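Engineer: Here it is, the structure, as structure tokens.
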Amino acid sequence: MGGTQSKVAQPKPRPVRQHISIDFGTSHSGFAVLTGDLISILNPTSNNGIAARTLDTEQRVQLDNHISYNASWPGSTSPYPKAPTAILYDKCGRVVAWGNEARKQLVQMKAEEQQKHIYLDRFKLFLDTSREHNDPAMAKLTKACGKTIVDVIGDYLIELNKAIKEFVNRLDPIAKYDPFNVKWCVTVPAMWNDAAKDKMKRAMHKAQLIQTLESDRIVFCSEPMAGLLAETLSNTGHQFGRTDPILLVDLELVPGLGASCGSTILDEHFLDMIRRAVGHKAFDEGVAEKQRPGLTLVSDWETAKVQFIGSADRNFETRISISRAIMKRRLQEAGDTPLVPGVMVVLVKRMLDRLKRVRGFTNPHILCVGGFSQSQYLVQELRKRLPVPSDRVVVSRNGASAILFGAPVFACRPELVSNQVARFTHVSSFNGQFEALINKGSTMIPDVVMCTKEYRPSACTDKEIVVDIHVTAMEKLDRPLTAGNSTKIGKRG
1 MGGTQSKVAQ
11 PKPRPVRQHI
21 SIDFGTSHSG
31 FAVLTGDLIS
41 ILNPTSNNGI
51 AARTLDTEQR
61 VQLDNHISYN
71 ASWPGSTSPY
81 PKAPTAILYD
91 KCGRVVAWGN
101 EARKQLVQMK
111 AEEQQKHIYL
121 DRFKLFLDTS
131 REHNDPAMAK
141 LTKACGKTIV
151 DVIGDYLIEL
161 NKAIKEFVNR
171 LDPIAKYDPF
181 NVKWCVTVPA
191 MWNDAAKDKM
201 KRAMHKAQLI
211 QTLESDRIVF
221 CSEPMAGLLA
231 ETLSNTGHQF
241 GRTDPILLVD
251 LELVPGLGAS
261 CGSTILDEHF
271 LDMIRRAVGH
281 KAFDEGVAEK
291 QRPGLTLVSD
301 WETAKVQFIG
311 SADRNFETRI
321 SISRAIMKRR
331 LQEAGDTPLV
341 PGVMVVLVKR
351 MLDRLKRVRG
361 FTNPHILCVG
371 GFSQSQYLVQ
381 ELRKRLPVPS
391 DRVVVSRNGA
401 SAILFGAPVF
411 ACRPELVSNQ
421 VARFTHVSSF
431 NGQFEALINK
441 GSTMIPDVVM
451 CTKEYRPSAC
461 TDKEIVVDIH
471 VTAMEKLDRP
481 LTAGNSTKIG
491 KRG
């Protein structure tokens with residue numbers, strides 16, 4: 001006798017009442033809420049009743065009249081569209097504080113009290129499988145409490161969701177906020193693979209933002225794409241031509257993710273400069289005494305690196321606070337290191353090297369978004385050194401909020417970006433046979449199934465089959481896949 005497994009009943013989907021975007025960043029995270037009238041503006045129909053499908057046919061709008069983002073966060077006195085992606089746990093794995101408050105509370109603790117807590121930041125880096133990221137604090141949390149990176153992101157999203165609820169209720173006191181009534185758009189780095197997106201989706205499910213892991217109420221939008229949409233549709237954005245090639249550079253105010261030109265490099269060189277200035281031993285022992293003695297350093301540095309504009313005499317003075325844990329061990333100055341070129345120029349050089357490798361662009365516009373795009377020094381160096389006319393290096397007026405403005409647009413009209421290019425070749429593996437599903441460089445259309453394949457079990461007694469999915473940088477599957485030239489990103493069964 002045989003039987004069939006009963007499927008778990010899926011919860012009844014709730015109606016969509018809000019469109020909300022989350023920009024979960026390496027250093028800072030924020031959210032934006034879309035108002036209903038923009039949906040009708042973004043969904044016009046032509047005389048034949050068909051909706052416009054390309055960016056150049058859309059009317060430009062005042063996005064900040066239709067999209068609202070939070071700029072007031074607990075623990076911060078200055079308005080900013082995002083809060084630090086940081087979280088503070090006690091020794092039992094309970095959340096003590098998040099965002100600005102996590103930094104603030106840790107810095108105010110005495111050394112012995114700090115040892116009873118675990119502070120985490122930059123944990124988004126654990127989702128990027130293309131680079132190795134180690135953090136003793138994460139290892140300590142996992143060992144003591146068994147928490148995974150999905151748990152940590154979920155805990156952070158729980159706190160962020162509280163801020164979203166408060167913000168939505170301020171916008172409309174009558175509205176009854178329920179995350180299950182929300183269509184979510186989550187921005188992700190362009191280099192993220194499906195495995196990273198899956199972990200992000202699991203974290204959202206853990207945070208009770210979506211009902212099930214199979215929910216269709218979440219859409220992922222690449223951060224560069226969101227920035228481009230905001231600049232293209234905003235009536236304050238740069239006027240690009242219909243056929244203009246555009247290369248978008250996302251410049252985070254503090255540590256970035258991805259290519260080696262990210263501002264993580266800049267911050268690492270800054271801390272190395274401080275280490276040399278106060279002495280290696282003093283700095284290292286100070287770090288050992290305090291969990292995060294660099295928090296105050298980096299906080300001051302975040303302001304200084306945007307204020308720096310460059311000068312003929314190469315002098316720049318700013319105040320950087322050094323923790324007592326470090327200063328009490330400092331015996332003598334290890335030598336002064338100029339801020340420029342020892343630190344700032346590092347980012348510019350690596351960024352230029354990266355941009356020079358980009359192929360397929362002829363005299364492109366360079367669109368800069370993100371908090372660090374407000375650095376006058378960085379922009380003037382790009383204009384001076386890049387092999388394009390200086391007026392083609394464009395800075396978004398929205399800065400750090402550009403991605404927040406663009407993500408809700410993508411959630412409503414993903415078909416506006418009709419041509420996207422596959423960054424990798426996707427390959428299926430079944431019964432030892434490999435087959436290319438989508439080749440690198442192929443045109444991708446949002447919400448359109450690009451490939452279908454049929455697989456049959458090798459024996460009639462098999463109750464299920466499992467197909468592994470790999471990605472490779474090879475444009476064509478012209479040689480065998482190995483661990484060195486491919487990455488397994490998931491499986492379907």
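Under my numbering, the sequence shown has 460 at position 460, and the numbering climbs by one with no breaks.
We put the CB at the ideal spot given by N, CA and C, even for glycine.
The model shown is predicted, which means the values in this text are computed figures rather than measured ones.
(1) If distances are taken between C-alpha atoms only, which option among Ser72, Ser76, Trp73, Pro81 comes closest to Ser21?
(2) Please report the Cβ distance between Ala137 and Leu120, rounded to the nearest whole angstrom; I am assuming they are in contact, meaning their Cβ atoms lie under 8 Å.
(3) Cutting at 6 Å between CB atoms, please list the residues of its own chain near Thr487, excluding the five before and the five after it.
(4) Residues in the same chain with beta-carbon distance under 6 Å from Ala508, minus the five sequence neighbours each way, listed in chain order, please.
(5) When the Cα atoms are used, what is the spatial distance from Glu252 to Ala402?
(6) Taking only three categories from DSSP, how would you classify Leu23?
(7) Taking Ile489 as the reference, which of Gly99, Asp194, Leu38, Cys92 has the closest Cα?
(8) Under the three-state reduction of DSSP, which class applies to Tyr69: helix, strand or coil?
(9) Would Thr236 and Ala407 be called neighbours here (beta carbons separated by less than 8 Å)?
(10) Take Gly146 and list the residues in its own chain whose beta-carbon comes closer than 7 Å to its own, dropping the five residues that flank it on each side.
(11) Please report the distance separating the alpha-carbon of Leu367 from that of Val395.
(12) What are the boundary residues of the alpha helix (DSSP H) that includes Phe126?
(13) Span of the beta strand (DSSP E) holding Ile153?
(14) So if DSSP puts Gln433 in a beta bridge, which residue, or which two residues, is it bridged to?
(15) Is it right to say Met225 is buried, meaning 16 or more other beta carbons lie within 10 angstroms of its own, or is it exposed?
(16) Cutting at 6 Å between CB atoms, please list the residues of its own chain near Leu437, excluding the five before and the five after it.
(17) According to DSSP, is Gln210 part of a helix, a strand, or is it coil?
(18) Using the C-alpha atoms, what's the distance from Thr212 back to Gln5?
(19) Please state the DSSP three-state secondary structure of Lys197.
(20) Assign Asn398 to one of two classes, buried (16 or more other C-beta atoms within 10 Å of its C-beta) or exposed (fewer than that).
(21) Based on the DSSP output, what are the partners of Trp192 in its beta bridges?
(22) Does Val168 pass the burial test, meaning 16 or more other C-beta atoms within 10 Å, or should it be called exposed?
(23) Once you ignore the five residues that flank Gly99 on each side, which residues in its own chain have a CB closer than 7 Å to its CB?
(24) May I have the straight-line CA-CA distance separating Asn485 from Lys12, to the nearest angstrom?
(25) With distance defined between alpha-carbon atoms, name the residue in Lys183, Gly227, Val107, Arg423 nearest to Ile507.
(26) Please state the DSSP three-state secondary structure of Phe424.
(27) Confirm, please, whether the CB-CB distance from Met191 to Leu127 is below 8 Å.
(28) Could you check the C-alpha separation between Gly93 and Glu454 for me, to the nearest Å?
(29) Any heavy atom of the ligand MG inside 7 Å of the beta-carbon of Asn161?
(30) Counting along the chain, where does the beta strand (DSSP E) carrying Thr472 start and finish?
(31) Determine the contact status of Leu404 and Ala32, defining contact as a CB-CB distance below 8 Å.
(32) Below 8 Å on the Cβ atoms is my guess for Gly154 versus Ala207; work out the distance and round it to an integer in Å.
(33) Using a 10 Å radius around the Cβ and a threshold of 16 neighbouring Cβ atoms, would you call Asn70 buried or exposed?
(34) Exposed or buried, Glu223, counting other C-beta atoms within 10 Å across all chains shown (16 or more means buried)?
(35) Quick check on Val16: does DSSP put it in helix, strand or coil?
(36) Since Ile497 is in the beta strand (DSSP E), which residue starts that stretch and which ends it?
Structural biologist: According to the structure shown:
(1) Residue mapping note: residue 21 aligns to position 21 of the sequence shown, counting from 1. Ser21 has its Cα closest to that of Pro81, out of Ser72, Ser76, Trp73, Pro81.
(2) Position 137 of the sequence shown, counting from 1, holds the residue named residue 137. Position 120 of the sequence shown, counting from 1, holds the residue named residue 120. Yes, they are in contact, since the Cβ atoms of Ala137 and Leu120 sit about 5 Å apart, within 8 Å.
(3) For the purposes of this step, residue 487 is taken as residue 487 along the sequence shown, with counting starting at 1. Counting only Cβ-Cβ distances below 6 Å, and skipping sequence neighbours, we find Val471.
(4) Past the boundaries of the shown model lies residue 508; the chain is included only from 1 to 493, so the question cannot be answered.
(5) The sequence position of residue 252 within the sequence shown is 252, counting from 1. The sequence position of residue 402 within the sequence shown is 402, counting from 1. Residue placement at Glu252 is poorly supported in this model, since its pLDDT is 46, which falls under 50; the coordinates still yield a value, given next. Roughly 11 Å between the two C-alpha positions.
(6) Residue numbering aside, residue 23 sits at position 23 when the sequence shown is read from its first letter. It should be pointed out that residue 23 corresponds to Asp in this sequence rather than to Leu. Strand at Asp23.
(7) Residue mapping note: residue 489 aligns to position 489 of the sequence shown, counting from 1. Out of Gly99, Asp194, Leu38, Cys92, Asp194 has the C-alpha closest to the C-alpha of Ile489.
(8) Along the sequence shown, one-based indexing puts residue 69 at 69. The answer is strand: DSSP assigns Tyr69 an E or B state.
(9) Translated into positions along the sequence shown, residue 236 becomes position 236. Translated into positions along the sequence shown, residue 407 becomes position 407. No, these two residues do not count as a Cβ contact at 8 Å.
(10) Position 146 of the sequence shown, counted from the start, is the residue given in the question as residue 146. So no residue of the chain qualifies.
(11) Taking the first residue of the sequence shown as position 1, residue 367 is located at position 367. Taking the first residue of the sequence shown as position 1, residue 395 is located at position 395. Taking the straight line joining both Cα atoms gives about 6 Å.
(12) As a first step, residue 126 must be located in the sequence shown, where it is residue number 126. Here Phe126 belongs to no alpha helix (DSSP H), and DSSP marks it neither H nor E.
(13) If you number the sequence shown from 1, residue 153 lands on position 153. Run containing Ile153: none in the beta strand (DSSP E); it sits in the alpha helix (DSSP H), 149-171.
(14) The residue you call residue 433 lines up with position 433 of the sequence shown. Per DSSP, Phe430.
(15) Here residue 225 corresponds to residue number 225 of the sequence shown, with the count starting at 1. Buried, by the Cβ-count rule.
(16) To locate residue 437, count along the sequence shown from 1; it is residue 437. Closer than 6 Å at the Cβ level, and outside the excluded window around Leu437, lie His426, Ser428, Cys451.
(17) As a working note, residue 210 is residue 210 in the sequence shown. Residue 210 is actually Ile in this sequence, not Gln. Residue state, collapsed to three classes: coil.
(18) For this step, residue 5 is matched to residue 5 along the sequence shown. For this step, residue 212 is matched to residue 212 along the sequence shown. Note on Gln5: pLDDT 44, under 50, position unreliable in the model; the coordinate value appears next. Distance between the alpha carbons of Gln5 and Thr212: 20 Å.
(19) The residue labelled residue 197 in the question sits at position 197 within the sequence shown. Lys197: helix per DSSP, three-state reduction.
(20) Position 398 of the sequence shown, counted from the start, is the residue given in the question as residue 398. Answer is buried; the Cβ neighbour count reaches 16.
(21) Within the sequence shown, numbered from 1, the residue matching residue 192 stands at position 192. Answer is none; Trp192 lacks a bridge partner.
(22) Residue mapping note: residue 168 aligns to position 168 of the sequence shown, counting from 1. Val168 is buried by the Cβ-count criterion.
(23) Counted from its first residue, the sequence shown places residue 99 at position 99. For Gly99, where only same-chain residues beyond five positions count, the Cβ hits under 7 Å are Trp73, Pro74, Gly75, Ala83, Pro84, Ala86.
(24) The residue labelled residue 485 in the question sits at position 485 within the sequence shown. The residue labelled residue 12 in the question sits at position 12 within the sequence shown. When rounded, the distance between both Cα atoms is 43 Å.
(25) In the structure as shown, the chain starts at 1 and stops at 493, and residue 507 therefore has no counterpart that could be examined.
(26) Residue mapping note: residue 424 aligns to position 424 of the sequence shown, counting from 1. Looking at Phe424 - three-state DSSP - the assignment turns out to be coil, as it is neither helix nor strand.
(27) Along the sequence shown, one-based indexing puts residue 127 at 127. Along the sequence shown, one-based indexing puts residue 191 at 191. No. Outside cutoff.
(28) By one-based count along the sequence shown, residue 93 stands at place 93. By one-based count along the sequence shown, residue 454 stands at place 454. Spanning the two alpha carbons is a distance of roughly 45 Å.
(29) The ligand content of the structure shown is nil, which means the ligand MG is not present either.
(30) Your numbering for residue 472 matches position 472 in the sequence shown. Thr472 -> beta strand (DSSP E) spans 467-472.
(31) Indexing the sequence shown from 1 puts residue 404 at position 404. Indexing the sequence shown from 1 puts residue 32 at position 32. Their beta carbons are under 8 Å apart, which means Leu404 touches Ala32 by this criterion.
(32) As a first step, residue 154 must be located in the sequence shown, where it is residue number 154. As a first step, residue 207 must be located in the sequence shown, where it is residue number 207. Confirmed, Cβ separation roughly 5 Å.
(33) Counted from its first residue, the sequence shown places residue 70 at position 70. Counting Cβ neighbours within 10 Å, Asn70 comes out buried, since at least 16 surround it.
(34) The residue you call residue 223 lines up with position 223 of the sequence shown. Burial call: buried.
(35) The residue given as residue 16 occupies position 16 in the sequence shown. Look at Val16 here: in three-state DSSP terms it is coil, with no helix or strand label.
(36) Any answer about residue 497 is impossible in this case: the structure gives the chain only from 1 up to 493.
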